[in-house]
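Here is the structure we will look at.
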Amino acid sequence: MTARAVNEATWEQEVLNNEKAVLVDFWAEWCGPCRMVSPILDQIATEHAEKLDIVKLNVDENPNLAMKYQITAIPAFKVFQKGEVVKTVVGAKPKPALEADLAAYIS
Numbered sequence: 001m002t003a004r005a006v007n008e009a010t011w012e013q014e015v016l017n018n019e020k021a022v023l024v025d026f027w028a029e030w031c032g033p034c035r036m037v038s039p040i041l042d043q044i045a046t047e048h049a050e051k052l053d054i055v056k057l058n059v060d061e062n063p064n065l066a067m068k069y070q071i072t073a074i075p076a077f078k079v080f081q082k083g084e085v086v087k088t089v090v091g092a093k094p095k096p097a098l099e100a101d102l103a104a105y106i107s
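All residue numbers for the sequence shown refer to the UniProt record's numbering, where the first residue is 1 and numbers rise by one.
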């Protein structure tokens with residue numbers, strides 16, 4: 001399982017109404033650190049699929065959502081539960097650091 005793309009049309013269904021916790025990766029095509037962290041997110045998505053959904057939102061293609069959630073630097077990650085942001089992480093990190101940030105949602 002890999003992180004799947006979401007957009008404004010699928011946001012409510014995939015993120016806000018999701019039964020599981022959802023990590024949203026706010027990224028852009030031109031962002032080098034975003035590309036570096038992408039395979040790590042895919043690994044976490046595969047290893048923790050039963051507890052956490054991971055989706056990607058391209059901020060260039062969905063500027064309204066990026067603005068709504070005050071994304072000023074990428075990569076940025078927000079964890080949603082029951083439609084609410086419960087955690088924010090900014091910046092590319094190695095897998096152990098990301099897993100530590102997400103421990104409450106994947107363990």
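Idealized CB from N, CA, C, for every residue including glycine. This one's a predicted model, so the numbers in the text were calculated from it and none came from an experiment.
Closest in C-alpha terms to V55, from the list I40, S107, K68 and K93, comes I40. If you draw a straight line from the Cα of D25 to the Cα of P75, it is about 7 angstroms long. Annotation note: the UniProt domain "Thioredoxin" (1-107) contains the following uninterrupted alpha helix (DSSP H) runs of length 4 or greater, listed N- to C-terminal: 32-47, 63-68, 95-101 and 103-106.
Taking 8 angstroms as the cut-off, the beta carbon of L23 is found no closer than this to the beta carbon of L65.
Short of 8 angstroms from the beta carbon of P33, and not among the five residues preceding or following it, lie these beta carbons of its own chain, in chain order: I74, P75, G91 and A92. For T88, the CB contacts under 6 angstroms within the same chain, skipping 5 residues up- and downstream, are K78 in chain order. Comparing alpha-carbon positions, the option among E8, Q70 and A45 lying closest to T2 turns out to be A45.
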